[in-house]
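Let me begin by presenting the structure, written as structure tokens, before commenting on it.
Numbering (the numbering used here), first residue to last: 459 to 1040.
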């Protein structure tokens, strides 16, 4: 059974290993795990502090278990200990993090000498800094309270599903575990506000699809076998049949116009709401979010990604429904006319299914790469325009041209890869589907020669083949546009779902009047892990006093002022306005 220490979860195999050294898990005040040893070997390196000891333990975790399909069950984890040492905690003081050229270390003063407690990589920066703060309290004989443990931001969050670190610690969204089905259904929810529009569109789609299915039947089978044939039921009634076909075409035209107008209104309303949500979410995010993003990249999410999602509602989803209905309806009609012959036409269908399963993930990656390079190019262009005066002042036009040309070339290369792949794959798919239509001509022609099939039947089947392969080709090409739309939607939802690093309290303290006392107490802050900008800063300014904050460029003057305005939250310490910790 796992037990939680102050900064790290202690697995059962670690608890058992500690028991072997006569240490009970309940005696642990702080437990933290590093990712490398003092010998620069990557393995688990645990540090424990009890009431009287500092314990260091290195080792490997061995996993064994039975696999059932893709899932792993009955996993057994065992600990192989490589090194164990313990020291009296009374010998240590002044725990701190030191940054080295290749790695980082936690050091302490042990009986007047420097002592390296552990080494770690940058990913554990915040956690190790939190460890040193708590370790110093213990070495000073102070008790660690719930308040000390509450709100410790150890950063470096990982995906609970795959275990990979999040690409962006602020957004906490794993790009490797995106469920695109959820993205799809989440997009549909944006249309729930306009359900009557959607109902009208579905009705018009059904009417339009039904009318389209009647045309080959009227224009081929009935026209050839019933109107032009002397033995036909409607022999000679050409004008009436043409009038019916014309009337149905006019109705179809009217329905198509209504459907198009309603769909244009609906799609733009939905994308307007989506674009507004993205922009509003950006306004609510903390400054730290924008520190890790380029302006051009954010503008791409608001504009270009929204346009791709608009395609989903304008040309994607409606025609997905239309073509799906057409395939089902045409297949049933063809089977009703000539079952055996019709089934031969559907031979390429499994190939299309395999194509979707194989190529859809590849197109997701291709369009994801294209977006990244497009964002980089837009960011390069935006930065150049914003700093045009500086560029000209230093005569760096050639350098800017070179940088933009490089970014543009990478974007063109990504799009070229998409184009080459599409131009190779889709014609092959179209050719395979066309081969299926040959069965109509071969076997249908032989049946007509033998007198077993009427000319109107084969003409109708040929017409329906065009209606069924057209949607199939559309579905094949859908892979490209669907991948682009779902990738864009996911990037939009990344922003919408991102939580601000500086969070407002649900029940904030409200003051009608401010006295003006400002107290900064032991404030430490870093933009990046282990790159401390402010360290244990203490300032006490009474109301009415004026002070100046001076220092060389990059010393942290602006950072300190930004902290008072709470544009960022400190890693450690507190800032008090009239005695209230903000």
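Heads up, the beta-carbon is just placed ideally off N, CA and C, and yes, glycines get one too. Computed from a predicted model, the values in this text were never measured in an experiment.
| Query | Result |
| --- | --- |
| For residue 528, I'd like the list of residues in its chain whose CB is within less than 6 angstroms of its CB, leaving aside the five on either flank, ordered along the chain. | In this prediction, residue 528 has a pLDDT of 48, which is less than 50 and means its spatial position is unreliable; what the coordinates show is noted afterwards. Taken in chain order, the list of residues that qualify is empty. |
| Take the Cβ of residue 516 as the centre, count every other Cβ of all protein chains shown within 10 Å, and call the residue buried at 16 or more, exposed below. | buried |
| Between the C-alpha atoms of residue 694 and residue 914, what's the straight-line distance to the nearest angstrom? | 16 angstroms |
| Using 8 angstroms as the threshold, is the C-beta distance between residue 685 and residue 692 below it? | yes |
| Which residues mark the beginning and the end of the alpha helix (DSSP H) in which residue 764 is found? | 762-769 |
| So residue 547 packs on residue 597, CB below 8 angstroms; how close in whole Å? | 7 angstroms |
| Could you give the residue range of the beta strand (DSSP E) that holds residue 565? | 562-568 |
| Do the segment 660-667 and the segment 775-786 make contact, defined as three or more Cβ pairs closer than 8 angstroms? | yes |
| Using the three-state DSSP reduction, which class does residue 852 fall into: helix, strand or coil? | coil |
| Quickly, what does DSSP pair residue 983 with across the bridge? List them, please. | 992 |
| For residue 789, which residues of its own chain have a beta-carbon under 8 angstroms away from its beta-carbon, when the five flanking residues on both sides are left out? | 800, 804, 926 |
| Using only the alpha-carbon positions, how far apart do residue 471 and residue 541 sit? | 15 angstroms |
| Compute the distance between the beta-carbons of residue 680 and residue 717, then report whether it is under 8 angstroms. | no |
| Taking residue 536 as the reference, which of 563, 502, 1007 has the closest Cα? | 502 |
| Does the Cβ of residue 725 have 16 or more other Cβ atoms within 10 Å, making it buried, or fewer, making it exposed? | buried |
| Quick check on this structure: which residue in 834, 921, 539 has the alpha carbon closest to the alpha carbon of residue 864? | 834 |
| Identify the continuous alpha helix (DSSP H) that holds residue 972 and give its terminal residues. | Counting along the chain, residue 972 falls outside any alpha helix (DSSP H), and DSSP gives it neither H nor E. |
| Our contact map puts residue 1038 next to residue 1022 with C-beta atoms below 8 angstroms; I'd like the distance itself, whole angstroms only. | Not confirmed; about 13 angstroms, so no contact. |
| Is there contact here, the segment 471-485 with the segment 584-591, by at least three beta-carbon pairs under 8 angstroms? | no |
| Measure how close the beta-carbons of residue 945 and residue 826 come, nearest whole angstrom, since I'm counting them as under 8 angstroms. | 5 angstroms |
| Counting Cβ pairs closer than 8 angstroms, one from the segment 865-874 and one from the segment 882-902, do we hit at least three? | no |
| Determine the direct distance from the alpha carbon of residue 571 to that of residue 740, and round the result to whole angstroms. | 49 angstroms |
| Tell me whether the beta-carbon of residue 933 lies closer than 8 angstroms to the beta-carbon of residue 795. | no |
| Give the range of the alpha helix (DSSP H) segment to which residue 742 is assigned. | 696-742 |
| Hey, which unbroken runs of the alpha helix (DSSP H) at 4 residues or more fall wholly within the segment 916-949? | none |
| Quick one: what's got a C-beta closer than 6 angstroms to residue 543's C-beta in the same chain, skipping five residues either side? | 514 |
| Candidates 992, 1019, 947: which alpha carbon is nearest residue 648's? | 947 |
| Taking all protein chains shown into account, do 16 or more other C-beta atoms lie within 10 angstroms of the C-beta of residue 1006, making it buried, or fewer, making it exposed? | exposed |
| Pop quiz: residue 858 and residue 849 are said to be a contact at Cβ under 8 angstroms. What is the actual Cβ separation, rounded to whole angstroms? | 5 angstroms |
| Rounded to whole angstroms, what's the CA-CA distance from residue 475 to residue 956? Just pull it up for me. | 40 angstroms |
| Helix, strand or coil: which one does DSSP assign to residue 787? | helix |
| For residue 824 versus residue 876, is the C-beta distance shorter than 8 angstroms? | yes |
| Which of helix, strand or coil does DSSP assign to residue 667? | helix |
| Using a threshold of 8 angstroms, state whether the C-beta atoms of residue 645 and residue 506 are closer than that. | no |
| What's the gap between the Cα of residue 1014 and the Cα of residue 558? | 21 angstroms |
| State the start and end residues of the unbroken beta strand (DSSP E) segment that holds residue 574. | 571-578 |
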